[in-house]
Amino acid sequence: MTVAPDDPGLADEAHDWKSAYIHVPFCRRRCPYCDFAIVDESATSVDHRRYIDAVLAEIEMEDGIGPLDAINFGGGTPSRLATAMIGDVVDSLAQRFGRAKDAEISIEVNPEDWSNEYGAELVAHGVTRVSIGAQSFDGEILGVLGRLHGPPEIERCVESARDVGVRSVGIDLIFGHADESDHSWTRSIDRAFALEPDHVSTYALTVERGTALAASIEAGAQAPDPDTQADRYQAFLDTAAPRGLARYEVSNHAKSGHACRYNLATWAHAEYLGFGLAAHDHRWGTRARNHRRLDRYLEAVEAGTRPRIATETLSASEQERDRLMLGLRLAAGTPITSVAATFLASDGGARMAEHGLVWERDGRIGVTNLFLADAVAREALAVA
Amino acid sequence: MTHATGPDLVIFGQEVDDPPFPAFAAGEPSGRHRMDQARIRNFSIIAHIDHGKSTLADRLLERTGAISERDMRAQLLDEMDLERERGITIKANAVRIDYRSADGAVYELNLIDTPGHVDFSYEVSRSLEACEGALLLVDASQGIEAQTLANAYMAIESGLEVIPVINKIDLPAADPERVALEITSVIGGDPDEVLRVSAKSGAGIDELLEAIVHRLPAPSGDPGGTLRALVFDSYYDTYRGVVALIRVVDGSVSTGTRIRLMATGADLVVDEVGVRRPAIEPTGNLSAGSAGYLMTGVKEIDLIRVGDTVTTTDHPSDTALAGYAEPKPMVFSGLFPTDGDDFERLREALDKLRLNDSSLVYQAETSRALGFGFRAGFLGLLHMEIVRERLEREYDLDLVATAPSVQYVANTADGGRKVIQSPQDLPDAGSLLSVEEPYVKVMIITPSEYIGTVMELVQGKRGEMGEMTYLSPERVELHYRMPLAEIVFDFFDQLKSRTRGYASLDYEPDDYRASDLVRVDILLNSQPVDAFSTIVHKDKAYVYGRAMVTKLRELIPRQLFDVPIQAAIGSRIISRETVKARRKDVTAKCYGGDITRKRKLLERQKEGKKRMKMVGSVEVPQDAFVAALRISEE
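Heads up: the protein sequence lines correspond to chains A and B, in order.
The opening residue of the first sequence carries number 98 in my numbering; numbering runs sequentially from there.
The opening residue of the second sequence carries number 19 in my numbering; numbering runs sequentially from there.
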């Protein structure tokens with residue numbers, strides 16, 4: 098499997114993949130920029146077993162889909178879980194929905210949780226891919242971001258993951274904090290590439306409402322500057338390309354054969370199951386979301402009901418709109434459906450094509466500079 | 019200005035025992051609608067904004083039992099939301115109050131409410147025509163203001179009896195003695211006869227009511243004569259058609275009377291006449307001296323013009339009452355729908371607004387930048403602002419208004435004279451001999467400590483100093499002639515801020531004069547945007563162009579490509595800035611596959627951009643088109 102991550106054929110194939118997402122909300126503490134549904138274990142203690150039992154029960158309530166091409170444990174911090182629990186979930190999913198040949202089983206891990214044993218057990222339970230929450234190789238920036246590890250832990254984690262036989266090793270980075278310098282960022286890039294990762298995700302720091310970061314900015318701290326972030330991103334791209342990592346989505350880059358299947362499927366508008374707290378689920382025509390409050394989630398599942406808080410039904414053309422909106426984030430773009438054609442024929446679409454912001458070839462449409470993907474998607478949603 | 023009833027005809031204190039008419043028909047509720055003229059008083063209140071006119075009107079209604087305390091709400095007479103919010107009166111109104119005086123007789127008081135802003139001085143003049151007297155209401159701490167003084171002069175010139183009233187005497191900063199001296203030094207009279215009230219607490223209101231009865235003259239028309247009634251305002255009611263507010267001067271008018279409008283020649287039949295208390299109350303009849311309303315069911319506002327005289331079809335009068343000249347628009351602005359599809363809706367909305375606002379004029383205009391819209395003429399800046407706000411609120415329109423401009427006259431090389439309402443119509447410099455612009459006579463009243471500041475400001479605005487009169491040692495009345503265009507920009511705001519809000523302003527049209535004027539064009543993305551073109555004095559063109567380009571760079575959000583902004587006179591670029599292209603517009607990730615949230619966020623953001631207008635391929639915020647108004651001189 099050595100297909101380039103940005104191959105259009107792969108993106109189209111991904112549209113038909115079936116995935117499962119399992120949300121693991123546990124964190125040692127909340128990072129200042131995070132607005133995700135998490136359980137801050139420095140403040141609350143929750144029985145992991147009880148939570149995983151709920152996830153297993155939820156899995157039993159679902160059917161009619163499969164086999165699974167990708168299973169992804171996201172968080173929170175999935176590496177807070179004992180490997181046996183990960184194994185239970187993987188087994189349960191495989192049993193209920195089946196597992197496609199070459200299925201990807203991916204997990205987000207924090208360097209401070211990692212050990213050789215932990216990694217070996219994950220591999221034994223079928224894990225094929227890890228996403229390591231490195232975020233930065235600058236100790237000061239790691240502190241500002243509220244992370245609990247240092248650069249040496251990242252390096253150890255990457256090397257160990259490879260040693261224990263994880264097929265695909267990815268590094269996640271966050272850039273563009275106001276305290277970060279150009280130098281700090283280029284050093285992070287260099288140290289990340291020195292570890293020869295198969296996959297790198299680079300996330301521009303976003304200020305979400307209600308976070309400690311937002312509060313500090315309101316109190317006068319400097320906000321991330323979008324132009325600086327654009328520069329940092331370009332610096333990353335310039336380094337990644339010669340190392341054989343191709344950008345296949347706004348924030349994701351991989352060597353051939355190492356695109357994250359779950360990730361690609363999400364942006365290719367595939368179906369996915371969502372289990373756990375605040376998890377999202379997408380089946381053709383329906384999007385659903387679970388309770389965001391842990392007590393309500395557990396109560397619902399333990400009472401034998403689906404822990405849904407909201408569902409949204411989408412018509413065929415609304416689904417096409419979603420596919421266009423999501424596909425515009427992919428380097429491979431997305432097929433020109435009737436909705437996409439309407440956009441291209443509109444004043445706004447034509448203007449964007451004219452200014453070279455949108456490309457059109459081989460029956461596909463895409464965004465030339467993916468850093469402007471939202472600007473294009475906004476226009477597309479307005480007219481299509 | 020002429021007046022319907024000259025002061026020599028006023029019969030003050032006329033005996034009332036022998037009414038010329040028998041009491042009106044039986045079957046009417048109380049006959050209160052029928053009052054001997056000697057017991058009628060028609061008056062208006064002249065006041066500056068915030069000097070308490072609406073509160074005083076409320077208090078008079080309450081004190082005379084016209085409205086119970088339970089039904090009391092602030093600013094009863096100001097019916098429009100905008101009037102209440104801004105604390106101003108835009109439309110005239112007439113309300114009937116029955117008052118039992120200390121002498122035991124019941125008097126009919128008609129309070130004819132008037133707007134207080136300089137833009138609406140035309141409406142004030144109309145209201146004054148319907149009155150024999152006026153209350154000059156002045157804030158006990160602030161003293162008399164320019165607009166109030168101008169309106170008071172207008173009342174005196176019209177032969178009205180003016181009763182000065184000092185309001186807010188209960189406030190700690192009140193200085194009624196000083197203000198009384200100031201008032202009498204301007205309009206004459208004895209400071210001891212200046213009334214002192216608190217509309218808020220009710221102090222002095224009884225004395226005021228007695229003064230209205232005993233100091234203001236009664237109407238003096240001929241109750242037995244041929245009907246002559248003055249239409250002093252009108253409004254449009256969706257169900258009843260045009261409602262005319264009238265003041266009957268001679269004769270009487272009843273339900274079923276066949277009437278003729280003397281100026282338009284329209285013959286109509288009266289559906290209903292009555293008074294407002296302030297709720298509408300049909301009375302079946304209005305006779306000489308009274309004010310009230312008249313409906314005919316007619317829907318065409320142009321048939322019943324404000325200023326016209328109502329007489330009867332069967333026995334028409336030979337002589338119309340003195341009307342008024344149509345108000346002339348002073349300020350012009352383009353109004354364009356943000357969404358081009360709303361053009362027809364805008365037309366309908368303007369047509370409807372005009373039913374209640376005959377001073378609003380407009381004609382269709384096409385802008386290369388903004389598409390189809392209207393060039394509208396207004397009495398002034400406040401009027402412009404109010405019209406725009408009403409269009410947006412009451413008719414749910416999203417509008418782009420261009421910077422206000424005045425009406426110029428271009429003299430061309432071929433001997434032609436061309437009226438220029440829109441800067442883009444100014445001919446090229448090559449074919450232009452000269453440009454004339456309107457001047458106004460300006461009156462400013464300011465505390466004397468700010469004389470220097472005011473002079474400096476006015477001179478910077480090309481003003482020419484005229485007379486200067488001390489109203490008191492502390493307050494000065496200054497007169498200037500200056501180009502209206504200079505006032506239309508930020509003059510009023512500047513005057514207020516430089517005098518810490520103490521100076522007040524009034525102006526009236528003067529003559530047209532040739533000035534050294536040029537048109538400054540603004541180019542976006544190298545394309546001239548006609549809606550941004552402005553005519554300015556040559557000496558100020560460079561500074562203006564620079565300021566405009568800088569302001570636009572701040573106002574125009576970053577786009578997906580670089581947007582050069584240039585200011586030019588003809589083909590000469592005088593200033594340039596660039597709005598750099600946006601480089602990042604994407605969220606890094608999307609939480610746990612929450613596509614719904616992402617979609618909604620993008621849709622909401624796009625919705626927020628709807629207040630932008632596409633000019634060529636550039637998104638321009640609507641308020642950028644009036645950016646010139648906010649260029650302050652530093």
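Think of the CB as a built atom: it goes at the ideal place given N, C-alpha and C, for glycine as much as any other residue.
Quantities reported herein were computed from a predicted structural model and do not represent experimental measurements.
The count of Cβ pairs closer than 8 angstroms, one atom from the stretch 346-360 of chain B and one from the stretch 317-325 of chain B, stays below three, leaving the stretches out of contact. DSSP places residue 450 of chain B in the strand class (E or B) of the three-state scheme. Excluding residues up to 5 positions away in sequence, 164, 165 and 166 lie with their Cβ nearer than 7 angstroms to the Cβ of residue 197 of chain A in the same chain.
Between the C-alpha atoms of residue 276 of chain B and residue 335 of chain B there is a straight-line separation of about 13 angstroms.
Interface annotation, residue 387 of chain B: not in contact with chain A, CB-CB separation never under 9 angstroms. Under the DSSP assignment, residue 400 of chain B falls in the alpha helix (DSSP H) whose first and last residues are 399-412. Taking a Cβ-Cβ cut-off of 8 angstroms, residue 345 of chain A has no neighbours in chain B, whose nearest Cβ is about 14 angstroms from it.
Restricting attention to B:161, B:54, B:285 and B:68, the CA atom closest to the CA of residue 491 of chain B is found in B:161. Close to residue 323 of chain A, with beta-carbon spacing below 7 angstroms, are these residues of chain B in chain order: 601 and 602. Of the residues B:74, B:424, B:373 and B:484, the one whose Cα lies closest to the Cα of residue 255 of chain B is B:373.
Under the 9 angstroms criterion on CB atoms, residue 611 of chain B is classed as interfacial with respect to chain A. Residue 185 of chain B is positioned such that its CB atom lies closer than 9 angstroms to that of residue 70 of chain B. At a Cβ-Cβ threshold of 9 angstroms, residue 155 of chain A and residue 404 of chain A count as neighbours. Listed in chain order, the positions of the stretch 345-362 of chain B with a beta carbon within less than 8 angstroms of a beta carbon of chain A would be empty, since no residue qualifies. Boundaries of the alpha helix (DSSP H) harbouring residue 476 of chain B: 469-478, taken from the DSSP string.
Residue 373 of chain A places its beta carbon 9 angstroms or farther from that of residue 145 of chain A. The C-beta distance from residue 164 of chain B to residue 461 of chain B rounds to 5 angstroms, short enough to meet the 8 angstroms contact threshold. Contacts with chain B (Cβ-Cβ distance below 7 angstroms) from the stretch 286-317 of chain A involve 300, 301 and 303, listed in chain order. Residue range 165-172 is occupied by the beta strand (DSSP E) that includes residue 170 of chain A.
Nearest to residue 611 of chain B by alpha-carbon distance, out of A:306, A:322 and A:379, is A:379. Chain B has no Cβ within less than 9 angstroms of the Cβ of residue 334 of chain A.
For residue 228 of chain A, the uninterrupted beta strand (DSSP E) run begins and ends at 226-232, by DSSP. Counting other Cβ atoms within 10 Å of its Cβ, residue 474 of chain B stays below 16 and is therefore classed as exposed. Excluding sequence positions up to five before and after residue 418 of chain B, its CB lies within less than 7 angstroms of the CB of 354, 356, 388, 631, 640 and 643, all in the same chain and listed in chain order. Straight-line measurement puts the Cα of residue 359 of chain A at about 10 angstroms from the Cα of residue 365 of chain A.
Per DSSP, residue 236 of chain A lies in no beta strand (DSSP E); the unbroken alpha helix (DSSP H) holding it starts and ends at 236-241. The beta carbons of residue 210 of chain A and residue 174 of chain A sit closer together than 9 angstroms. With distances taken between CA atoms, residue 155 of chain B lies nearest to B:173 out of B:269, B:514, B:173 and B:394. The three-state secondary structure of residue 404 of chain A, taken from DSSP, is coil.
By the rule that beta-carbons nearer than 9 angstroms mark a contact, residue 457 of chain A does not touch chain B.
Residues of the stretch 395-411 of chain A with a C-beta atom less than 7 angstroms from some C-beta of chain B are 409, listed in chain order. Closest option to residue 351 of chain B, judged by alpha-carbon separation, among B:545, B:422, B:314 and B:468: B:422.
Beta-carbon to beta-carbon, residue 307 of chain B and residue 209 of chain B are separated by about 32 angstroms, too far to satisfy the 8 angstroms threshold. The alpha-carbon of residue 117 of chain A is positioned some 10 angstroms away from that of residue 191 of chain A.
Counting only the Cα atoms, residue 561 of chain B lies some 56 angstroms from residue 266 of chain B. The way I'd put it, the stretch 215-233 of chain B doesn't touch the stretch 257-274 of chain B; fewer than three beta-carbon pairs between them come closer than 8 angstroms.
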